[in-house]
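All remarks here apply to the structure that follows.
In full-length UniProt numbering, the protein residues as written are 1 to 96.
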């Protein structure tokens, strides 16, 4: 049994070329509810909120917020859009 102390990994920083107001503005303009929810959750972090608060706002887990931050840092707001799932195309067809 390990009785030592665990340390939380450092939170990944958000990119500095965006701010909360910009993300909120983009969320208002978005026609995609999921994208708007993700943008608003990240805006809360820019405002100084915790990742836990962002997870509550987005109705997701901390791991999902971490994934959003990584995608946002890589591709900006477009990185938060829903993507096609990876893998081969399903082979099932409709039954007539």
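For every residue, glycine included, the Cβ atom is placed at its ideal position computed from N, Cα and C.
Are the Cβ atoms of residue i and residue j separated by less than 7 Å?
i: residue 62; j: residue 71; result: no
i: residue 41; j: residue 24; result: no
i: residue 36; j: residue 27; result: yes
Using 10 angstroms around the beta-carbon of residue i, count the other beta-carbons present and answer buried if the total reaches 16, otherwise exposed.
i: residue 118; result: The chain is shown only over 1 to 96; residue 118 falls outside these bounds and no answer can be derived.
i: residue 55; result: buried
i: residue 45; result: buried
How many whole angstroms separate the CB atoms of residue i and residue j, which I take to be in contact at a CB cut-off of 8 Å?
i: residue 95; j: residue 14; result: Contact doesn't hold; Cβ gap of about 48 Å is too wide.
i: residue 65; j: residue 58; result: 7 Å
What is the DSSP secondary structure of residue i, counted as helix, strand or coil?
i: residue 85; result: coil
i: residue 69; result: helix
i: residue 22; result: helix
i: residue 62; result: helix
i: residue 32; result: coil
If we ignore side chains and look at the alpha-carbon of each, how far apart do residue i and residue j end up?
i: residue 134; j: residue 81; result: Outside the shown range of the chain (1 to 96) lies residue 134, about which nothing can therefore be said.
i: residue 79; j: residue 91; result: 28 Å
i: residue 53; j: residue 73; result: 19 Å
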